[in-house]
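Just so we're on the same page, this note's numbering is the position in the sequence shown counted from 1, plus 463.
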Amino acid sequence: MNQPSAPTVIAVAVVLSAGSVLVGRRRDDAADAPGRDEFPGGKVEAGEAVELAAARECFEESGIAVNIGQRLHVARATSSAGPIEIHFHRAAPVDADVSPQPPFIWLKIEDLTRCRFPPANAEVMRLLLAGEHAG
């Protein structure tokens, strides 16, 4: 009997600064959630802590170095490669004056309602829009 495969762990940095959050848009030809909005993140490498992966992925994708804070949420979903477990962590930029690299931008939290995030982001979106990310 086949054992279900362990989910791929994804680390996501929800970067907050001065009432804004760092948001990007996935390429239209992305395998998963093409054209959808996203927070910076990616796969956790073997032996890597989730928090370190979130910081690494954020810097690789957006050019923003961050300090990782508390975990906001863990979501489970299915990608084109199989099951995934997404760990969302609050983060703060090391230097708030650094501009993100495209496709990432600073977006006012209240403007998140205009975004199209994948369903796995729903609870994080709820927390952000309710102001429960602070503290």
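Idealized CB from N, CA, C, for every residue including glycine.
contact_flag[the stretch 480-499, the stretch 566-573] where n(CB pairs < 8 Å) is 3 or more: Contact holds: three or more Cβ-Cβ distances are below 8 Å.
Counted within 10 angstroms of its Cβ, other Cβ atoms place A494 as buried (16 or more) or exposed: Numbered from its first residue, the sequence shown carries residue 494 at position 31. By the neighbour-count rule (16 or more Cβ atoms within 10 Å), A494 is not buried but exposed.
Per-residue burial, R553 [other beta carbons within 10 Å of its own, 16 or more giving buried]: In the sequence shown, counting from the first residue as 1, residue 553 sits at position 90. By the 10 Å Cβ count, R553 comes out buried.
Separation of L591 from M464, as counted between CA atoms: Locating residue 464 in the sequence shown gives position 1, where the first residue counts as 1. Locating residue 591 in the sequence shown gives position 128, where the first residue counts as 1. Only weak support exists for where M464 lies, its pLDDT of 49 falling under 50; the value from the coordinates is given anyway. Cα-Cα distance, rounded: 42 Å.
Own chain partners of P546 with C-beta closer than 6 Å, once the 5 adjacent residues on each side are dropped: The sequence position of residue 546 within the sequence shown is 83, counting from 1. Spatial neighbours of P546 in its own chain (CB-CB distance under 6 Å, excluding positions within 5 residues in sequence) are listed in chain order as P470.
Within the stretch 519-577, ranges of the alpha helix (DSSP H) (whole runs, at least 4 residues): Listed in chain order, nothing qualifies, since the stretch 519-577 has no complete alpha helix (DSSP H) run of 4 or more residues.
C-beta contact flag for D500 and C578 at 7 Å: Locating residue 500 in the sequence shown gives position 37, where the first residue counts as 1. Locating residue 578 in the sequence shown gives position 115, where the first residue counts as 1. A distance below 7 Å separates the beta carbons of D500 and C578.
Cut-off 8 Å between Cβ atoms - residues of its own chain near A518, not counting five sequence neighbours on either side: Within the sequence shown, the letter at position 55 stands for residue 518. Closer than 8 Å at the Cβ level, and outside the excluded window around A518, lie A476, A528, V529, N530, I531, A554.
Nearest to R490 (by Cα), restricted to the options G594, P565, H550, V587: Numbered from its first residue, the sequence shown carries residue 490 at position 27. Of the candidates G594, P565, H550, V587, the residue whose Cα lies closest to the Cα of R490 is P565.
Under the three-state DSSP convention, the category E508 falls into: For the purposes of this step, residue 508 is identified with residue 45 of the sequence shown, where counting begins at 1. In this structure, E508 counts as coil in the three-state DSSP scheme.
E520 beta carbon less than 7 Å from that of G505: Taking the sequence shown and counting its residues from 1, one reaches residue 505 at position 42. Taking the sequence shown and counting its residues from 1, one reaches residue 520 at position 57. Yes, the Cβ-Cβ distance between G505 and E520 is below 7 Å.
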